[in-house]
Amino acid sequence: MEPHRVTHSLVKALRAVPDFADLDDATLLRIVGASTNLFYPAGSVVFEPGSPAEALYVVLSGEIRIFDQADGSEVEVSRVRSGDSFGEFSMLMGTEHSKTAQATEDSELMVIPRESFRQVLAEAPDLDAKFQRRLQERLSVRGQVSESA
């Protein structure tokens, strides 16, 4: 019987994230090695407006609600679940977070620091291109919103 290759469980989790699905195991292992897994109990805040955008977050389990404050009330922007990532826009822009991210249920997040993520992007041109396209799309939408406001 031949031995079979065992893939690290966090590599499997990252491979399930659409943005990372095409990366090879070595690159995924580097991401895992540079990351930290943090637990956020339901109701806890992952980040809030004005906090430094220093990481990309990958939801391993649970659910995170992203919301904004407008005229004194909360406006939900999105909900991210297992296999989703968030926080990349502010991180790639080098700005502070503009919204609040809060766990709606007990959640485990893989936190990939900005510098480690930038190294991965430098080694993975396809992934870098994907994030740059997404960044440009968001900037053009944001520009249209601010022009009409």
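Residues are numbered in the working numbering as their position in the sequence shown, beginning at 1, plus a constant of 575.
Glycine residues also receive a C-beta, built at the ideal position from the N, C-alpha and C atoms.
On a predicted model such as this, the values are computed, not experimentally measured, just so you know.
Take residue i and list the residues in its own chain whose beta-carbon comes closer than 6 Å to its own, dropping the five residues that flank it on each side.
i    : result
L585 : V607
V655 : V634, I639 and F661
When DSSP builds the beta bridges, which residues end up paired with residue i?
i    : result
I606 : Answer is none; I606 lacks a bridge partner.
For residue i versus residue j, is the C-beta distance shorter than 8 Å?
i    : j    : result
S660 : S673 : no
L684 : V652 : no
I641 : S682 : no
Which same chain residues, not among the five before or five after residue i, have their C-beta less than 7 Å away from its C-beta?
i    : result
A591 : G658
To the nearest whole angstrom, what separates the beta carbons of residue i and residue j, a pair I think is in contact under 8 Å?
i    : j    : result
V686 : T611 : 5 Å
Excluding five sequence neighbours on each side, which residues of the same chain lie with their C-beta closer than 8 Å to the C-beta of residue i?
i    : result
Q644 : P624, V650 and T675
L589 : F595, L598, L603, I606, V607, V633 and M685
| message | Contact between the segment 693-707 and the segment 669-677 is defined here as three or more beta-carbon pairs at a separation below 8 Å; is this criterion met? | response | Put simply, the segment 693-707 does not touch the segment 669-677. Fewer than three CB pairs are less than 8 Å apart.
| task | Evaluate the contact criterion for the segment 675-682 versus the segment 619-635: three or more CB pairs, one atom per stretch, below 8 Å. | result | Under the Cβ criterion (8 Å, minimum of three pairs), the segment 675-682 counts as touching the segment 619-635.
| Counting Cβ pairs closer than 8 Å, one from the segment 595-611 and one from the segment 687-701, do we hit at least three? | In short, these stretches touch, since the Cβ pair count reaches three.
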